[in-house]
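Undergrad: Chains as they are written, first to last, in the working numbering: chain A, 1 to 159; chain B, 1 to 787. Positions of the beta carbon are idealized from the N, C-alpha and C atoms, including for glycine. My questions will all concern the structure given below.
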Ligand code: FES
Ligand code: FES
């Protein structure tokens with residue numbers, strides 16, 4: 001039996017009928033066509049599906065669509081302003097923090113949430129913040145550098 | 001420095017903006033009108049005869065569009081090596097591992113497809129599963145494949161130099177062992193395939209593959225289609241690392257379901273299925289007997305390897321050869337014997353993974369070097385420096401060192417790490433370890449026997465003259481080859497990167513063997529250079545004729561075409577014509593030399609579309625012995641790393657605190673990307689050294705098929721890595737470039753193992769060096785040395 005859920009995604013309100021076992025990840029990818037959120041495991045282990053729920057990172061494969069009722073979701077598609085990249089996205093481009101790109105949307109959202117909470121951050125804090133987001137390609141170093149570069153006062157070396 | 005405008009720079013990846021904004025599309029992001037979803041029925045038993053398979057209830061389920069079983073699937077055998085075609089799309093008489101494909105379903109949605117799969121009835125006669133090499137090699141063991149007598153899928157024997165004489169003259173000889181556990185590629189994107197057939201019967205398969213060409217050949221062969229009726233496209237791919245290089249039943253079933261239904265079909269692996277399908281790193285058992293003289297110079301290596309290959313051959317024949325041949329360098333080794341056996345077992349098939357075949361062998365060899373250094377009282381780096389080859393030398397197994405910055409790599413990591421603070425006496429819980437690595441820069445031969453070029457590139461100038469498109473079949477899986485192709489094209493044409501578009505990963509665009517054996521920069525880079533040069537020559541010829549100058553008077557730089565000694569009036573005529581064509585436009589060229597667009601437009605007006613083509617095939621390479629084709633390469637990358645570790649002697653926990661890595665990639669095409677490959681290599685190597693292990697239960701089932709239970713390094717596990725790019729000039733590479741994508745993993749495991757030894761005095765003989773294994777080794781050592 002489908003149920004109604006209303007939520008805001010990237011500033012836009014949606015009302016949809018969804019099956020109770022539908023995940024937020026499925027809602028975003030399949031119902032809204034927002035395929036920037038990636039599916040890496042479906043089990044909460046990789047972070048590729050991370051989105052912000054009221055500003056807080058969650059693995060959308062573990063969140064039921066119905067749980068998003070009345071809440072605000074930010075996906076990677078909501079980060080840039082039109083075709084102008086967000087500074088953190090730009091930093092990922094410039095620092096070479098992207099390889100295959102599959103972990104990238106989740107990394108950027110988690111990075112943004114971390115910087116919002118800790119603008120003056122350290123490499124160690126950044127590593128902790130993204131430790132639930134797996135990346136098989138980059139060894140994380142350039143991702144950490146990109147996030148630090150967007151901090152208020154990037155501090156070197158603090159781990 | 002290099003004098004290049006683009007090569008050796010740090011240009012941003014072409015695909016980075018789309019990837020950071022979530023617009024990049026991967027296979028599972030695609031949908032088609034009327035698309036069906038596929039699902040596979042996979043064997044729950046590791047070894048069994050199939051008595052009966054009844055799919056009638058599945059076929060009758062509402063919403064099911066097609067069911068594929070042995071009855072209606074092609075029976076053609078396929079595989080990676082033509083000499084070992086041992087797979088079929090679906091199983092018929094037997095299943096050989098948990099995950100072997102039995103049937104496939106296409107239905108209106110995933111839930112229905114999965115339900116249909118659950119309705120297929122199979123009756124099995126269980127056979128004893130052979131779950132390790134001992135069981136498979138035991139006399140009287142059941143045969144997993146009829147063709148593999150004694151469950152041996154490949155047997156390799158190679159010998160070079162006078163081993164016995166070397167053994168007799170050796171000052172020190174030692175025998176050591178090392179084995180690992182089967183690994184997972186653990187790429188973040190699970191395999192996905194989308195197939196569609198057009199109204200002329202042409203099949204397009206969109207797949208997260210790393211070799212569209214091999215997949216297209218396999219699809220055409222198995223489905224019995226003429227080659228022009230098959231197109232394989234890869235959209236963005238979320239990592240591959242080897243396991244995505246072989247055509248799979250996932251891809252073939254999806255194609256067949258699309259043919260059966262006439263509708264697009266998409267099938268996606270779950271993460272568990274990624275583990276079941278595997279085709280990742282083998283389990284290796286290496287034994288090496290090695291001898292050195294009094295000064296620590298290597299005299300011989302007698303090496304035996306057993307590979308647990310799992311149920312099918314996949315890339316495993318090449319694996320069995322690489323495991324031996326890659327030890328021929330970078331050290332002078334006068335005599336080497338290598339014997340290996342690849343054994344089939346009832347586990348998922350193993351194949352190629354970053355550092356194909358050579359990683360565990362290299363790890364053992366490099367730890368042996370440290371033991372020799374210790375016995376001789378030599379610094380381990382000094383011992384290595386005494387043995388490294390130089391440019392121009394040839395190994396005993398005929399690998400030619402056309403460039404080799406091995407010495408430079410070793411000296412660089414020695415000088416830029418804490419090596420000088422390293423204590424020679426092991427113990428104390430902190431340690432520093434060094435190791436070297438060596439890898440091919442592209443396989444010298446294709447997988448199938450052929451004189452084929454290994455890649456082609458077509459570079460086409462827009463008719464407007466304003467932009468350039470590079471078309472290639474190369475496989476961009478995240479390693480950055482699109483950007484490499486653009487950079488080389490930019491350099492040749494003196495044209496900024498933003499004027500160049502790259503289309504790749506599509507068999508309609510050209511032939512390319514794919515992303516494996518660290519081949520793309522050297523090979524496809526060559527072809528891109530040739531194609532761009534052909535474009536340049538065509539423009540030069542037209543311009544030289546129009547201006548009455550010698551071709552040598554024309555140069556391409558900064559988006560301009562500089563002509564020496566041309567008459568101003570003749571130049572002005574070209575510009576006037578260009579401006580007249582663009583009446584009403586803004587930003588037209590004014591003053592200064594001709595723009596690329598003006599010159600290229602003129603070339604089009606004179607000659608029609610300007611297209612340059614390029615190709616590459618390695619020159620004849622050394623070695624006429626059996627198996628020489630695996631290991632010979634037009635060039636070789638080499639590397640050195642130093643790992644600094646802290647080992648908790650109470651818990652056995654290893655923390656890698658710092659890695660200093662140097663890699664000789666020849667001329668770097670893009671320094672940021674070279675570093676990125678080096679980081680990725682170290683990260684995969686650390687995972688393999690310390691934590692990665694596919695665990696099987698007593699029935700042959702993967703016991704940890706998730707990214708929670710199969711641990712790969714997180715940001716917290718990774719140390720700071722200092723990367724040092726060593727640039728030799730590789731004469732066989734485009735602009736002197738060679739590989740970095742795989743070779744960089746080679747030193748990581750042994751550097752960590754040597755550091756662990758330095759910290760604890762224990763040698764690890766089974767990977768990964770988990771806390772349990774370290775503690776066990778410490779305990780064993782204490783038991784041996786009372787007091
Ligand atoms: S897909 Fe959600 S955590 Fe992996
Ligand atoms: S860039 Fe490939 S997984 Fe992170």
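Just confirm the distance between the C-beta atoms of residue 205 of chain B and residue 195 of chain B, as a whole number of angstroms; I'd bet it's less than 8 Å.
TA: Indeed, because the Cβ distance is near 5 Å, the residues count as touching under 8 Å.
Undergrad: Nearest-angstrom Cα distance between residue 192 of chain B and residue 643 of chain B?
TA: Distance between the alpha carbons of residue 192 of chain B and residue 643 of chain B: 37 Å.
Undergrad: Looking at the structure shown, is residue 208 of chain B part of a helix, part of a strand, or coil, going by DSSP?
TA: Here residue 208 of chain B sits in coil by DSSP.
Undergrad: Just to confirm, are residue 35 of chain A and residue 51 of chain A a CB contact at a threshold of 9 Å?
TA: No, these two residues do not count as a Cβ contact at 9 Å.
Undergrad: CB-CB under 8 Å to residue 613 of chain B, same chain, minus the five flanking residues each way: which ones, in chain order?
TA: For residue 613 of chain B, where only same-chain residues beyond five positions count, the Cβ hits under 8 Å are 456, 457, 458, 459, 530, 531, 534.
Undergrad: How about residue 3 of chain A: is its C-beta nearer than 9 Å to some C-beta of chain B?
TA: No, residue 3 of chain A does not count as interfacial toward chain B.
Undergrad: Evaluate the contact criterion for the region 133-151 of chain A versus the region 265-278 of chain B: three or more CB pairs, one atom per stretch, below 8 Å.
TA: Verdict: no, contact absent.
Undergrad: Give the secondary structure of residue 151 of chain B by DSSP, where H, G and I count as helix, E and B as strand, and everything else as coil.
TA: DSSP places residue 151 of chain B in helix when its eight states are reduced to three.
Undergrad: Closer than 8 Å to a non-hydrogen atom of ligand 1 - does that hold for the CB of residue 67 of chain A?
TA: Flag unset: Cβ of residue 67 of chain A not near ligand 1.
Undergrad: Return the CA-CA distance between residue 166 of chain B and residue 159 of chain B, expressed in angstroms with no decimal places.
TA: Looking at the two C-alpha atoms, the distance is approximately 13 Å.
Undergrad: Assign residue 175 of chain B to one of two classes, buried (16 or more other C-beta atoms within 10 Å of its C-beta) or exposed (fewer than that).
TA: Residue 175 of chain B is exposed by the Cβ-count criterion.
Undergrad: For the 8 Å Cβ check, are there 3 or more pairs between the region 601-608 of chain B and the region 462-479 of chain B?
TA: Enough Cβ pairs lie closer than 8 Å, so yes.
Undergrad: Skipping 5 residues on each side, what residues in its chain have a beta carbon closer than 7 Å to that of residue 98 of chain A?
TA: The answer, listed in chain order, is 92, 104.
Undergrad: Taking only three categories from DSSP, how would you classify residue 712 of chain B?
TA: In this structure, residue 712 of chain B counts as coil in the three-state DSSP scheme.
Undergrad: How should residue 157 of chain A be labelled, buried or exposed, when 16 other C-beta atoms within 10 angstroms of its C-beta is the threshold for buried?
TA: With a pLDDT of 46 at residue 157 of chain A, under the threshold of 50, the modelled position of this residue cannot be trusted, and the question is left open.
Undergrad: Going along the chain, which unbroken runs of the alpha helix (DSSP H) with 4 or more residues stay wholly within the region 122-186 of chain B?
TA: 133-137, 163-169, all fully within the region 122-186 of chain B.
Undergrad: For residue 84 of chain A, which of helix, strand or coil comes out of DSSP?
TA: Residue 84 of chain A: strand per DSSP, three-state reduction.
Undergrad: Using DSSP bridges, identify the partner residues of residue 825 of chain B.
TA: Residue 825 of chain B falls outside the range modelled here, since chain B spans only 1 to 787, and no answer is possible.
Undergrad: Classify residue 31 of chain A as helix, strand or coil using the three-state DSSP reduction.
TA: Helix.
Undergrad: Which one or two residues does DSSP pair with residue 426 of chain B in a beta bridge?
TA: DSSP output for residue 426 of chain B lists no bridge partner at all.
Undergrad: Assign residue 224 of chain B to one of two classes, buried (16 or more other C-beta atoms within 10 Å of its C-beta) or exposed (fewer than that).
TA: By the 10 Å Cβ count, residue 224 of chain B comes out exposed.
Undergrad: Hey, how far is the Cα of residue 120 of chain A from the Cα of residue 710 of chain B?
TA: If you take the alpha carbons of residue 120 of chain A and residue 710 of chain B, they lie about 34 Å apart.
Undergrad: Spell out a yes or no on whether the region 424-440 of chain B and the region 756-774 of chain B are touching, meaning 3 or more CB-CB pairs, one atom from each, closer than 8 Å.
TA: Output reads yes: the region 756-774 of chain B touches the region 424-440 of chain B.
Undergrad: Please state the DSSP three-state secondary structure of residue 198 of chain B.
TA: In this structure, residue 198 of chain B counts as coil in the three-state DSSP scheme.
Undergrad: If we count the other Cβ atoms within 10 Å of its Cβ and call it buried at 16 or more, is residue 234 of chain B buried or exposed?
TA: Classification for residue 234 of chain B: buried.
Undergrad: Can you tell me whether DSSP reads residue 567 of chain B as helix, strand or coil?
TA: Residue 567 of chain B falls in the coil class under three-state DSSP.
Undergrad: Name the one or two DSSP bridge partners that residue 57 of chain A has.
TA: Paired residues: A:52.
Undergrad: What did DSSP end up calling residue 283 of chain B once you bin it into helix, strand or coil?
TA: Correct three-state label for residue 283 of chain B: strand.
Undergrad: Closer than 7 Å by beta-carbon distance: list the chain B residues that pair up with residue 127 of chain A, in chain order.
TA: Per Cβ cutoff of 7 Å: 715, 716.
Undergrad: Of all Cβ atoms in chain A, is any one closer than 9 Å to the Cβ of residue 17 of chain B?
TA: It does: the Cβ of residue 17 of chain B has a partner Cβ on chain A nearer than 9 Å.
Undergrad: Residues of chain B with CB under 8 Å from residue 166 of chain A, in chain order?
TA: Since the first residue shown for chain A is 1 and the last is 159, residue 166 of chain A is missing from the structure and cannot be characterised.
Undergrad: With distances taken from CA atoms, which of B:319, B:490, B:114 is nearest residue 443 of chain B?
TA: Checking every option, the nearest Cα to that of residue 443 of chain B belongs to B:319.
Undergrad: Quick test of your reading: residue 177 of chain B and residue 119 of chain B, contact by CB under 8 Å. State the CB separation rounded to the nearest angstrom.
TA: Going by Cβ atoms, the distance from residue 177 of chain B to residue 119 of chain B rounds to 49 Å, so no, they are not a contact pair.
Undergrad: Of the choices B:712, B:599, B:497, B:263, whose alpha-carbon is the least far from that of residue 547 of chain B?
TA: Here the closest residue by C-alpha is B:599.
Undergrad: Compare the C-beta of residue 48 of chain A with all C-beta atoms of chain B and state if any pair is closer than 9 Å.
TA: Taking Cβ atoms only, chain B reaches closer than 9 Å to residue 48 of chain A, which makes this a yes.
Undergrad: Just checking residue 87 of chain B against ligand 4 - is the residue's beta carbon closer than 8 Å to any of the ligand's heavy atoms?
TA: Among the ligands modelled here, namely ligand 1 and ligand 2, ligand 4 does not occur.
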